[in-house]
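**Q** Below is the structure I would like to discuss, written out as structure tokens.
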Amino acid sequence: MLSSWVADTTSSLEDGDPTHAISGSQFLPPVSYLGKKDIEFFAVVWDDEDNGNVNVVSWDVYHPLNAWGNGSFKYQVMGTQITDQAEAIALFQDAMDAGLLTVAGEFDANVILTEYLEKGTAAVWVGTADLDYHQPAGDYRVLANAIDFNNNWAEPLESTFLYVPVAAFEIDFDTVNYGNVNINTHKWVAGNTIFNPGDNRPTLRNIGNTALQVTINQDDMGLGESLSGWNVQWDARMGNDNANTMVYEPFETVTLPNALPLCNTEELDFSIQVFKGTTGTKTGTMTLGAVISPIPV
């Protein structure tokens, strides 16, 4: 085993670091419900007898430590040989230029290119797999393996790739309708856990690769201030546990205290309390955001 690398299918080979500022491979999650991230695994193999035409090449992939899976085996990716020498050389050169290569300790990337690939004494193998949108962020460990036709195993070559942490959610609403509101009356709009756009029952689901916490900011809906303070006050919570309710004033950004785990769906509940106002329709803007949660889930 001379070298290995991992790439995605974008033109930059790694959409998490498209300018290749950091060595190794970094990939962004698809950030879409049920989305998948396509990954390609490569290895350069050489055999005294068969010029890289070994029997089997595979990659064992392991989950990140300190995340769901905690370093456990994820899957094995099986490879096929790239028989077009020019294509194999171009793939290796692109990976070398992008800083994606892991090279066996006693070798050099330029030597592998000129003394092995260009002379046809080594071959490039490739295997494909994917990462689900909800696979945990972190460093995935990869062991590249090869077996020749005499059942001799190569020394495995270890590398890692980073599934870049991204907090992201999807919601099924674009409006919170508080309806008729009486002065000094605390009124809630309850969500639910059924993702059904347009039902005025706010729901969100995690489509990133980290646990997240929701941030909220609302304006005053034109209700303004009095000497005693704002004429309106908001509440919000994720889930139905009142202990997780946050009370906030207009233009104040708050972070809900509880975390939404990977691939989970939860309700959002919102309330309004008006202390002073006039009759008529009031409208305003609510901004929702997400931050990566440090809370273990």
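Going by UniProt numbering, the letters in the sequence shown line up with residues 1 to 297, in that order.
Each residue gets a CB set at the ideal place from its N, CA and C atoms; glycine is no exception.
Under the assumption that THR80 contacts VAL126 (Cβ atoms under 8 Å), give the Cβ distance between them as a whole number of angstroms.
**A** The Cβ separation is near 6 Å, so the contact holds.
**Q** Is it true that the segment 200-208 meets the segment 251-271, where meeting means three or more beta-carbon pairs spaced less than 8 Å apart?
**A** Judged by Cβ distances under 8 Å, the segment 200-208 makes contact with the segment 251-271, as three or more pairs qualify.
**Q** Counting contacts by CB-CB distance shorter than 8 Å, is ASN53 in contact with chain D?
**A** Among the chains in the structure shown there is no chain D, since it carries only a single protein chain.
**Q** Quick one: give me the first and last residue of the alpha helix (DSSP H) that PHE92 is part of.
**A** Element bounds for PHE92: 85-98.
**Q** Is it right to say GLY222 is buried, meaning 16 or more other beta carbons lie within 10 angstroms of its own, or is it exposed?
**A** Counting Cβ neighbours within 10 Å, GLY222 comes out exposed, since fewer than 16 surround it.
**Q** Spatial neighbours of ALA122 within its chain, please: C-beta separation below 8 Å, excluding the five flanking residues on both sides.
**A** For ALA122, where only same-chain residues beyond five positions count, the Cβ hits under 8 Å are LEU2, VAL44, VAL45, TRP46, ASN51, GLY52, ILE112, TYR116.
**Q** Buried or exposed for TYR75, going by 16 or more other Cβ atoms inside 10 Å?
**A** Classification of TYR75: exposed, given that the 10 Å Cβ count is below 16.
**Q** Which of helix, strand or coil does DSSP assign to VAL247?
**A** In this structure, VAL247 counts as strand in the three-state DSSP scheme.
**Q** Starting from LYS37, follow the beta strand (DSSP E) in both directions and report where the run begins and ends.
**A** 36-46 is the extent of the beta strand (DSSP E) around LYS37.
**Q** Within the continuous beta strand (DSSP E) that includes residue 333, where are the two ends?
**A** Lying outside 1 to 297, the shown extent of the chain, residue 333 is not represented and no answer is given.
**Q** Starting from GLU170 and walking both ways along the beta strand (DSSP E), at which residues does that stretch end?
**A** 169-171 is the extent of the beta strand (DSSP E) around GLU170.
**Q** DSSP three-state label for ILE112, please.
**A** Helix.
**Q** For ASN242, does the three-state DSSP call read helix, strand or coil?
**A** Helix, per DSSP.
**Q** Drop a sphere of 10 angstroms on the beta-carbon of PHE149, count the other beta-carbons inside from all chains shown, and report buried for 16 or more, exposed for fewer.
**A** The residue is exposed, with fewer than 16 neighbouring Cβ atoms inside 10 Å.
**Q** Nearest to ASN209 by CA position, among PRO18, ALA86, GLU118, GLY138, is which residue?
**A** Here the closest residue by C-alpha is GLY138.
**Q** Is the segment 128-144 touching the segment 27-45 in the sense that three or more CB pairs, one from each, lie closer than 8 Å?
**A** Yes, they touch.
**Q** Taking a contact to mean a Cβ-Cβ separation below 8 Å, would you say LYS37 touches ASP8 in this structure?
**A** Yes.
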